[in-house]
Each structure stands twice: as structure tokens, then as C-alpha cells.
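J.: Structure provided below as C-alpha cells; questions to follow.
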Amino acid sequence: MEPSKTSGNNGDSSGRQAKTRKPRPKLSCVLCRQKKLKCNRLQPCDNCIKHNRTYMCHYAGPQGMAKKVSLDIYNNLRDLEARIRQLSTLDGSVQSSLSSTYTQPNIQMSTATLESQSTLPVTSEQQPEKQDGSSGTMLKDQDGTRYINPTHWQAVLDQIAEVKDYLSLYGNTSSPEDIEEETTSFTDISAPSLLFDRSFSTNEAELLAALPARSTVDRLVSFYLNSKEAPLVIIHIPTFTKEYAQFWKDPSDASIGWLALLYSILCASAGLNLFSMSGRADGELAQAFEEYRIRASQCLTLSVYTIPGRYKLEVLIMCAAMETLRSSDAHVGPSVTLSLTTRLAMHSGYHRDPKHYSHISVFEGEMRRRVWMYLTLLDHYISFQAGLPPTTAHAQSDVEEPRNLLDEDLDPLMEVLPPDRPVSERTSILFPVVLNRIQFICAEIAEKVCSVRGVSYGEVMRLDSKLRELHEKIPPMLRSRPLSESIADSPSVIMDRYNVDLMYQKARCDLHRRYLTQHRLDPRYAYSRQECLAAARQVLKMQSEIFQENYSGGQLGYASFFFSSCVIMHFRVAAMVVSLEISCQSRYDLQQNLAVQERNSILETRKQLSYELERSWNVWNQLRGQSKDALRTAEALEIMLKVANNHLQHGTSTDTKSTPEVLTQLDMRSAFALLPTSTDQQQQQLTSPASIIPPPGITPPAAPSYEPSFEVDLMDASFYLGQDPQPLDAPFSNPTDSVDFYQTYWDNLMLLGHDSGSLDS
Numbered sequence: 001m002e003p004s005k006t007s008g009n010n011g012d013s014s015g016r017q018a019k020t021r022k023p024r025p026k027l028s029c030v031l032c033r034q035k036k037l038k039c040n041r042l043q044p045c046d047n048c049i050k051h052n053r054t055y056m057c058h059y060a061g062p063q064g065m066a067k068k069v070s071l072d073i074y075n076n077l078r079d080l081e082a083r084i085r086q087l088s089t090l091d092g093s094v095q096s097s098l099s100s101t102y103t104q105p106n107i108q109m110s111t112a113t114l115e116s117q118s119t120l121p122v123t124s125e126q127q128p129e130k131q132d133g134s135s136g137t138m139l140k141d142q143d144g145t146r147y148i149n150p151t152h153w154q155a156v157l158d159q160i161a162e163v164k165d166y167l168s169l170y171g172n173t174s175s176p177e178d179i180e181e182e183t184t185s186f187t188d189i190s191a192p193s194l195l196f197d198r199s200f201s202t203n204e205a206e207l208l209a210a211l212p213a214r215s216t217v218d219r220l221v222s223f224y225l226n227s228k229e230a231p232l233v234i235i236h237i238p239t240f241t242k243e244y245a246q247f248w249k250d251p252s253d254a255s256i257g258w259l260a261l262l263y264s265i266l267c268a269s270a271g272l273n274l275f276s277m278s279g280r281a282d283g284e285l286a287q288a289f290e291e292y293r294i295r296a297s298q299c300l301t302l303s304v305y306t307i308p309g310r311y312k313l314e315v316l317i318m319c320a321a322m323e324t325l326r327s328s329d330a331h332v333g334p335s336v337t338l339s340l341t342t343r344l345a346m347h348s349g350y351h352r353d354p355k356h357y358s359h360i361s362v363f364e365g366e367m368r369r370r371v372w373m374y375l376t377l378l379d380h381y382i383s384f385q386a387g388l389p390p391t392t393a394h395a396q397s398d399v400e401e402p403r404n405l406l407d408e409d410l411d412p413l414m415e416v417l418p419p420d421r422p423v424s425e426r427t428s429i430l431f432p433v434v435l436n437r438i439q440f441i442c443a444e445i446a447e448k449v450c451s452v453r454g455v456s457y458g459e460v461m462r463l464d465s466k467l468r469e470l471h472e473k474i475p476p477m478l479r480s481r482p483l484s485e486s487i488a489d490s491p492s493v494i495m496d497r498y499n500v501d502l503m504y505q506k507a508r509c510d511l512h513r514r515y516l517t518q519h520r521l522d523p524r525y526a527y528s529r530q531e532c533l534a535a536a537r538q539v540l541k542m543q544s545e546i547f548q549e550n551y552s553g554g555q556l557g558y559a560s561f562f563f564s565s566c567v568i569m570h571f572r573v574a575a576m577v578v579s580l581e582i583s584c585q586s587r588y589d590l591q592q593n594l595a596v597q598e599r600n601s602i603l604e605t606r607k608q609l610s611y612e613l614e615r616s617w618n619v620w621n622q623l624r625g626q627s628k629d630a631l632r633t634a635e636a637l638e639i640m641l642k643v644a645n646n647h648l649q650h651g652t653s654t655d656t657k658s659t660p661e662v663l664t665q666l667d668m669r670s671a672f673a674l675l676p677t678s679t680d681q682q683q684q685q686l687t688s689p690a691s692i693i694p695p696p697g698i699t700p701p702a703a704p705s706y707e708p709s710f711e712v713d714l715m716d717a718s719f720y721l722g723q724d725p726q727p728l729d730a731p732f733s734n735p736t737d738s739v740d741f742y743q744t745y746w747d748n749l750m751l752l753g754h755d756s757g758s759l760d761s
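Mind the numbering: the sequence shown is residues 1 to 761 in the UniProt record's numbering, read in order.
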């Protein structure tokens with residue numbers, strides 16, 4: 001029985017007056033007290049800065065400063081905070097000019113003073129010096145790196161000597177256990193659900209238990225590491241194999257980030273198998289691919305992927321790449337994933353070259369260059385698929401090109417990078433480097449031609465010259481060559497050549513495509529029309545070759561990746577460019593008063609284009625059961641072939657009156673009703689129409705058996721959007737109007753793949 005407590009006023013001299021304990025002063029911030037972390041009692045404290053929650057750092061009572069923190073440092077920090085508040089209110093240009101001339105400890109400049117200075121002429125002495133490459137701050141801890149933009153307040157903080165002295169003297173007051181506990185408990189706050197997928201409530205033990213048998217993991221890992229795929233450049237295979245062997249000795253000791261990498265490799269291996277000839281109908285393999293993808297996402301979420309850490313960015317990149325294999329149709333998922341990945345990469349400073357930061361080792365720096373290079377390359381492909389501008393900012397990046405080295409040339413303990421291997425020697429990094437060089441110009445071309453300010457023809461020709469010069473520098477190993485000259489080459493080398501040439505032809509087509517319709521009859525732009533059409537025809541030729549070698553058991557047994565949504569857009573755009581050329585020939589070229597020889601030359605070109613279009617249609621028709629995009633493209637090309645054959649029949653006469661003045665507009669609902677719809681009709685073997693004689697050097701492909709019974713205006717947006725066409729009594733008033741209308745909807749539909757939407761005329 002507990003002794004009874006006597007009150008202080010009972011008059012009993014022997015009773016003790018109850019002692020009231022004074023509450024302990026709450027010196028730590030609220031979050032540090034909740035998480036039981038050591039708080040350095042600053043405002044904001046180190047822990048809140050480290051975990052990006054400075055806005056949540058506050059104290060319950062009067063803030064007590066540790067005795068070891070001098071009053072001078074505290075006053076300097078308060079002074080710094082006041083300066084930052086004042087700087088943040090200034091215009092960006094004023095702020096940059098102040099940063100180059102600011103030397104005094106206080107800023108006491110009025111608005112009037114600033115305005116008067118901005119109107120003064122800038123002399124050579126007043127011009128700001130070129131910024132050093134080390135602008136910005138790279139923060140590094142045991143989890144990873146974090147880049148701070150020069151305009152960020154922490155970059156200013158890093159330049160204050162007193163703070164540097166304090167950190168070097170007292171260091172970090174949080175233990176690794178505190179950090180791990182902190183990041184784990186903040187998962188739901190700082191990390192969004194990975195691309196709106198299912199709930200990721202799981203733990204590390206469950207993820208380890210979900211791994212398949214060791215033999216299955218070994219087989220899948222070995223297949224991927226020996227696949228010669230481009231994403232392998234972001235993984236240092238010798239380091240991974242050592243960590244892989246160590247993992248099986250004690251799986252529970254592996255970090256959640258490394259486990260995410262393992263699951264992403266299993267997913268990639270299953271995906272490559274799934275896209276091979278042997279795995280297309282394998283439902284079990286498809287289920288495994290989806291399971292591994294989900295497990296990799298669960299690992300990422302559990303590791304709080306918004307906080308920099310080892311392997312997190314590599315896994316995010318691989319997850320974005322695998323998103324493109326989930327569907328044969330283009331969808332926005334990969335673009336969203338990659339946008340997130342790009343932002344996190346820049347948050348970790350991958351867009352700045354590691355040579356500026358001494359605390360990044362030589363080995364780590366070279367691997368960071370590889371990761372950033374592949375990220376920008378993947379960003380280009382996926383952005384093109386989604387019809388959006390790339391998310392990687394070239395203007396803010398100064399990352400050098402990775403060296404042409406083997407993985408065996410790199411070692412975590414190395415202090416100096418070895419020289420590049422010759423381009424005649426194939427390495428895993430050579431193909432991505434060459435592809436990235438072309439991609440860099442592709443990004444510049446896209447920025448110019450998509451600019452709302454327009455682009456001059458002189459600038460177009462400058463980019464054309466730059467593109468041709470780069471094409472001449474492609475290493476001989478990766479230059480395009482006929483398949484008959486590639487008998488001794490491996491399928492991966494042949495696929496690399498096709499990829500490089502596809503990127504180059506895409507750049508040519510993008511640069512000159514607008515002149516296929518704009519200034520159609522102006523001979524000054526004939527070069528651009530020829531370049532665009534030649535590039536599109538070359539892409540269609542590659543499509544036919546790749547399809548034949550892949551589906552007939554030829555040299556490209558694993559080339560099905562070329563028919564994924566990420567790459568197939570090249571073939572679709574090329575087919576539509578050829579279709580557009582045929583339409584423009586009917587609408588403009590054949591409407592002119594041409595000599596017999598000129599007219600026959602155009603008709604002969606149309607025959608060749610029609611056969612190339614039929615050859616493309618043959619591929620799309622066999623793929624139409626695999627995706628909606630393939631079905632839609634096959635139907636569009638089928639209608640285009642009807643139009644082309646009809647005009648060839650009516651245009652063989654030299655009498656210009658036999659050519660229709662304008663193409664008749666037709667309700668496309670009835671037009672599509674003429675297309676075969678049953679499965680048997682879709683799979684039937686079709687013969688070439690008798691109305692066209694094959695040009696020399698072109699083998700007639702399987703073509704639709706139809707009688708041309710109608711004409712379609714390819715300049716009519718209803719053809720592509722499935723909308724009601726314009727009334728027959730409201731045609732375009734003149735060719736210029738039709739070109740302007742075409743320019744509006746062509747980019748939005750044939751390149752972006754939208755099925756519906758309104759377009760402004």
C-alpha cells in the first residue's frame with residue numbers, strides 16, 4: 001500500500017511538504033523532440049535543414065542556445081537570414097549584379113538607387129565576370145548528394161566562414177540510427193505514391209521473401225547483364241557482381257536501395273524476354289514482369305526515393321524505361337515517371353559535372369556522367385513519344401561526355417581516369433554516347449522548330465549543316481550499312497546501327513518537315529522538301545527490313561523492341577510524311593500547268609511512294625492486333641493507298657483537265673465502314689493492285705485488294721480526328737489556308753497520337 005501524501009497545510013510538523021518539480025525547459029524544436037533527435041537549437045536546426053522541413057522547425061518556448069554556440073555565430077546567422085529575406089525581394093537580374101559586386105556586410109540600397117544604377121551604361125569594368133563552373137553548392141552525406149542552386153539561400157550560407165568553422169568543429173550531431181529512423185517515419189509525408197499505382201504497404205522482410213529462387217534470379221540477372229542493352233551503362237557490372245555475391249551471404253544486410261536495383265534488373269530481364277519471339281505469348285513471363293516492376297516500386301517507396309541515396313536514381317531510370325514496355329500504345333505514364341526522375345537527378349546535382357566538386361571521387365564522377373547521359377537520352381525518346389518538350393535542361397547542364405571505357409577500366413579506388421579507348425573498339429558506352437550526340441542536336445532542332453517565335457530559314461540551314469557534320473563523324477562501326485554486309489555482325493551491333501540512323505533521319509525530317517507544305521511551290525525550299533521526304537523514305541525502308549528480319553527468324557531475333565511504343569513513333573511519322581507528300585502532289589503540284597515530262601516525273605515518283613507506303617501498310621496491318629495505334633495507322637494508310645491509286649488511274653493522262661481540281665471531302669464514318677473489320681479479313685493475304693506497276697528495284701509487297709471507289713482529302717482534320725467533316729460547300733478558300741490549317745492539327749495528331757480534340761483553324 002502506497003504511503004499517503006500529507007498536504008502542506010495540515011499543521012503536522014513531521015509531514016513533508018510535497019515538492020513540485022519545475023518543468024524542464026524545452027530547448028529542442030518540436031520535431032526533434034518527437035523524433036528523439038539531437039537538436040542544435042538553431043532556427044532552423046540542422047535536422048530540419050537536412051530533411052527539407054525548415055518550414056516546420058519551431059520551438060514551443062523561448063529558444064535556448066547551447067553554450068558551445070557562440071553569440072557571435074548566432075548574431076551572424078540572424079544577420080544572414082535578414083540579408084536573404086532582402087535579397088529574395090529583388091529582381092533576378094538585380095540580384096545577379098549584386099552578387100558580383102557585393103562586398104559590404106550590410107545591404108542598404110534603396111529602390112531609387114537600384115533604378116538609377118540600372119539605367120547607367122555598362123562599362124567593361126562593370127560587366128559581370130563569367131561565372132566559375134563551380135557555381136552552386138553540392139552537399140554530400142552518407143546517403144548521397146544534393147545540389148543547391150546558386151540562388152538558393154543555402155548556397156549563400158555555404159560561403160560564410162563562421163558557419164563552415166562551426167560545422168567543421170562540431171560536425172553532425174545526428175547518429176546514423178537517428179537518420180534511418182527519421183527517414184523511415186517520414187515516408188508518407190515526403191514521398192508521393194509512385195505514379196498513382198496501388199498501395200505500397202509492405203516491409204523489407206516481405207520484399208526479401210518475395211524474391212524467386214536463387215537459380216531463377218541468377219538466370220535472369222545473367223541474361224540482362226549479357227544483353228548489351230543501353231541501360232547497362234548506368235550500372236558498373238564488376239561492382240554489382242561483388243555486391244550480388246555478398247547479398248546471398250546475408251540478404252538481410254542489403255540496403256533497400258540495392259534491393260530495388262535487383263528487382264529492377266529482374267524486371268528488365270523479364271521484359272526483354274517478353275519482347276523476344278519466344279516470350280510474346282508467355283502469360284507467366286508477363287505476370288513476372290509486372291510483379292518485379294511492382295516490387296521495385298515498393299522498394300523505392302520504402303526507401304523514400306525523394307531523399308537522395310545510392311541506386312535510387314538508377315532504379316527510377318530503369319522503372320521509366322520499363323514503363324514503355326508495359327503497353328504497345330503511347331501513354332503518358334513513362335513521361336510522368338521520367339519528369340519525376342529528372343527533377344530528382346537535378347536535386348542530386350547530376351546535371352553539374354563532378355569535376356567541380358572535390359568530394360566526389362573519380363569513379364563516382366564518371367558513373368554520374370553515364371547516368372545523366374542515359375537519362376537525357378531516355379528523356380528525348382519518351383518526350384517525343386508523349387509529344388512534349390524534354391525535361392532535361394541543356395542550358396543548365398555542363399556535364400562532360402563519358403569516356404569510351406570498359407567497365408574493367410573503372411575502379412572505385414582509382415584516382416585518375418584512363419584515356420579513351422579508340423572508337424574502333426566497341427564498348428558498352430560507345431553507342432549511347434554517339435546516340436546522345438545526335439540527340440543533343442535533335443533537342444536543339446525541336447526547340448527551334450517548335451518555338452512560338454518561329455525560325456528563320458538561315459537557322460534551319462545552319463542546323464542542317466551541323467547535323468550533316470555530326471553524321472560524318474559517326475564511328476564506322478555504327479554507320480548504317482546494308483544487312484548483306486552485316487552477316488558477321490551480332491544482332492546487338494546491327495540494332496545499334498539502326499537506332500543511330502533512325503535518330504539521324506528523325507532529325508532531318510523534323511528540321512525540314514514544315515517546308516513540305518509551307519511555300520510548297522517555291523523552288524528556294526526544294527532542298528528542304530527533298531531532305532524531309534528522303535529521310536521519311538529511309539525510315540520506311542528500315543521499318544520493312546527490321547520487321548522482315550525479326551518476324552521471319554532472321555538476324556534480328558530480339559529486335560521486337562523496335563516495335564515498342566517508344567520507337568514505333570518514328571515509323572508512324574515517316575508513313576504520315578509520305579502520305580502528306582502524296583496528298584500535296586495531288587493538291588498543288590498536279591494543279592500546275594506542267595510540261596508532259598514534268599507531269600510524268602511526278603506520277604513516277606507517286607508510284608514509288610505508293611509502293612513504299614504499301615510496304616509500310618503491310619507491316620502495320622500485321623501489327624494491328626497488338627495495339628490501338630497500329631490499328632489506327634493501318635487504317636489511315638489503307639485509305640491513303642486508295643487515294644493514291646485513284647489519282648494514279650486518273651492522272652496517267654497528259655490532259656490536265658483529267659485531274660480533279662480539289663480532292664472531294666467525304667464523311668469518314670462511311671469511309672472507315674469500307675475497311676475490313678473481321679478477324680479473317682484482317683489476316684487475309686492481300687495481293688498488289690493491278691493499277692500500279694512496280695518501279696525498278698522495288699519488290700511488290702502484300703497490298704490490300706480493293707477497288708478505289710472514293711477520294712479523301714488528307715488535309716481535312718476530320719480524317720484524323722474522326723470528327724464530322726466540313727460541308728461540301730465550304731472548301732478551303734486557297735492553298736495557303738489549307739496549309740495553315742494543316743500546320744495546326746498535324747503536329748497535334750500525327751506526331752502526338754491524340755484520337756480526339758479540338759483544333760483551331
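Glycine included, each C-beta is placed from N, C-alpha and C at the ideal position.
Short check: CB of GLU485 to CB of VAL433, under 8 angstroms?
T.: Position 485 of the sequence shown, counting from 1, holds the residue named residue 485. Position 433 of the sequence shown, counting from 1, holds the residue named residue 433. Their beta carbons are not under 8 angstroms apart, which means GLU485 does not touch VAL433 by this criterion.
J.: Have a look at ARG606, ASP407 and ILE441 and flag the residue whose alpha-carbon is nearest the alpha-carbon of HIS236.
T.: The residue given as residue 236 occupies position 236 in the sequence shown. For the residues ARG606, ASP407 and ILE441, the minimum Cα distance to HIS236 belongs to ASP407.
J.: Quick check on TYR457: buried or exposed, where buried means 16 or more other Cβ atoms within 10 Å of its Cβ?
T.: Here residue 457 refers to the residue found at position 457 when the sequence shown is read from its first residue. Its Cβ having fewer than 16 others within 10 Å, TYR457 is exposed.
J.: Which complete alpha helix (DSSP H) runs does the stretch 410–480 hold, if anything under 4 residues is left out?
T.: Listed in chain order, they are 430–449 and 457–472.
J.: Would you mind listing the alpha helix (DSSP H) stretches within the stretch 482–517 that are 4+ residues and don't spill past its ends, in chain order?
T.: List check, alpha helix (DSSP H) in window: 491–512.
J.: Helix, strand or coil for LEU211? Go by DSSP, reduced to three states.
T.: Residue numbering aside, residue 211 sits at position 211 when the sequence shown is read from its first letter. If DSSP states are grouped into helix, strand and coil, LEU211 belongs with coil.
J.: Measure the CB-CB distance between ILE382 and PRO334 and report whether it falls below 8 angstroms.
T.: Residue mapping note: residue 382 aligns to position 382 of the sequence shown, counting from 1. Residue mapping note: residue 334 aligns to position 334 of the sequence shown, counting from 1. A contact, by the Cβ cut-off of 8 angstroms.
J.: List the endpoints of the continuous alpha helix (DSSP H) containing residue 763.
T.: The requested residue 763 does not occur in the structure, where the chain is confined to residues 1 to 761.
J.: Examine the Cβ distances between the stretch 241–258 and the stretch 381–400 and report whether three or more of them are shorter than 8 angstroms.
T.: No: the two stretches stay apart, fewer than three of their Cβ pairs being nearer than 8 angstroms.
J.: Helix, strand or coil for LEU521 per DSSP?
T.: Sequence index remark: in the sequence shown, residue 521 carries index 521 (1-based). Coil, per DSSP.
J.: PRO475: which of GLY365, THR427 and ALA288 sits nearest, CA to CA?
T.: Walking along the sequence shown from the start, residue 475 turns up at place 475. Of GLY365, THR427 and ALA288, the residue nearest in Cα terms is THR427.
J.: Just the Cα atoms here: how many angstroms apart are LEU285 and ARG293?
T.: The residue you call residue 285 lines up with position 285 of the sequence shown. The residue you call residue 293 lines up with position 293 of the sequence shown. Those two C-alpha atoms are separated by around 12 angstroms.
J.: Using the three-state DSSP reduction, which class does ASP353 fall into: helix, strand or coil?
T.: Within the sequence shown, residue 353 is the residue found at index 353, counting from 1. ASP353: coil per DSSP, three-state reduction.
J.: How many whole angstroms separate the CB atoms of LEU417 and ARG437, which I take to be in contact at a CB cut-off of 8 angstroms?
T.: For the purposes of this step, residue 417 is taken as residue 417 along the sequence shown, with counting starting at 1. For the purposes of this step, residue 437 is taken as residue 437 along the sequence shown, with counting starting at 1. Not quite, the Cβ-Cβ distance comes to about 20 angstroms (not below 8 angstroms), so this is no contact.
J.: Would you identify the three-state DSSP class for TYR244, choosing helix, strand or coil?
T.: Taking the sequence shown and counting its residues from 1, the one referred to as residue 244 is at position 244. Three-state result, TYR244: helix.
J.: Check whether the stretch 521–530 and the stretch 489–507 are in contact - that is, three or more C-beta pairs closer than 8 angstroms.
T.: They do not touch, by the three-pair rule.
J.: My assumption, with CB atoms under 8 angstroms, is that VAL577 sits in contact with LEU533. Please give the rounded CB distance.
T.: Taking the sequence shown and counting its residues from 1, one reaches residue 577 at position 577. Taking the sequence shown and counting its residues from 1, one reaches residue 533 at position 533. So it is a contact: roughly 7 angstroms between Cβ atoms.
J.: Leaving aside the five residues before and after PHE223 along the sequence, list all residues of the same chain whose C-beta is less than 6 angstroms from its C-beta, in chain order.
T.: Reading the sequence shown from its first residue, position 223 is the one you call residue 223. So the list reads SER269, once near-sequence residues are dropped.
J.: Check this for me: beta carbons of VAL315 and SER264, under 8 angstroms apart or not?
T.: For the purposes of this step, residue 315 is taken as the residue at position 315 of the sequence shown. For the purposes of this step, residue 264 is taken as the residue at position 264 of the sequence shown. Yes, the Cβ-Cβ distance between VAL315 and SER264 is below 8 angstroms.
J.: My output table needs one value for CYS45: the three-state DSSP class, helix, strand or coil.
T.: Within the sequence shown, residue 45 is the residue found at index 45, counting from 1. Here CYS45 sits in coil by DSSP.
J.: Confirm, please, whether the CB-CB distance from ARG481 to ARG497 is below 8 angstroms.
T.: Translated into the one-based positions of the sequence shown, residue 497 becomes position 497. Translated into the one-based positions of the sequence shown, residue 481 becomes position 481. The answer is yes: Cβ separation under 8 angstroms.
J.: Just tell me which of ILE494, MET373 and ILE487 has its CA closest to the CA of LEU478.
T.: For the purposes of this step, residue 478 is taken as the residue at position 478 of the sequence shown. Selected option, being the one with the closest Cα: ILE494.
J.: Could you give the first and the last residue of the continuous alpha helix (DSSP H) run that contains ASN600?
T.: Stepping through the sequence shown from its first residue, residue 600 is reached at position 600. Element bounds for ASN600: 596–623.
J.: For the structure I just gave you, are there three or more beta carbon pairs, one from the stretch 580–590 and one from the stretch 609–626, closer than 8 angstroms?
T.: Touching, per the Cβ criterion.
J.: What's the gap between the Cα of ASN600 and the Cα of GLY283?
T.: Within the sequence shown, numbered from 1, the residue matching residue 600 stands at position 600. Within the sequence shown, numbered from 1, the residue matching residue 283 stands at position 283. For ASN600 and GLY283, the distance between alpha carbons rounds to 54 angstroms.
J.: With distance defined between alpha-carbon atoms, name the residue in CYS267, ARG33, ALA230 and ARG343 nearest to ARG370.
T.: Along the sequence shown, read from residue 1 onward, the residue named residue 370 stands at position 370. Out of CYS267, ARG33, ALA230 and ARG343, ALA230 has the C-alpha closest to the C-alpha of ARG370.
J.: Does the stretch 340–360 come close enough to the stretch 290–304 that 3 or more CB-CB pairs lie under 8 angstroms?
T.: Not touching, per the Cβ criterion.
J.: Using C-beta distances below 6 angstroms, list every residue in its chain close to ALA254, excluding the 5 sequence neighbours before and after it, in chain order.
T.: Residue mapping note: residue 254 aligns to position 254 of the sequence shown, counting from 1. Closer than 6 angstroms at the Cβ level, and outside the excluded window around ALA254, lie PHE247.
J.: Which term fits GLY625, buried or exposed, when burial requires 16 or more other beta carbons within 10 angstroms of its beta carbon?
T.: Counting from one through the sequence shown, the residue named residue 625 turns up at place 625. Classification of GLY625: exposed, given that the 10 Å Cβ count is below 16.
J.: What's the gap between the Cα of GLN518 and the Cα of LEU623?
T.: Your numbering for residue 518 matches position 518 in the sequence shown. Your numbering for residue 623 matches position 623 in the sequence shown. Their Cα atoms are separated by approximately 33 angstroms.
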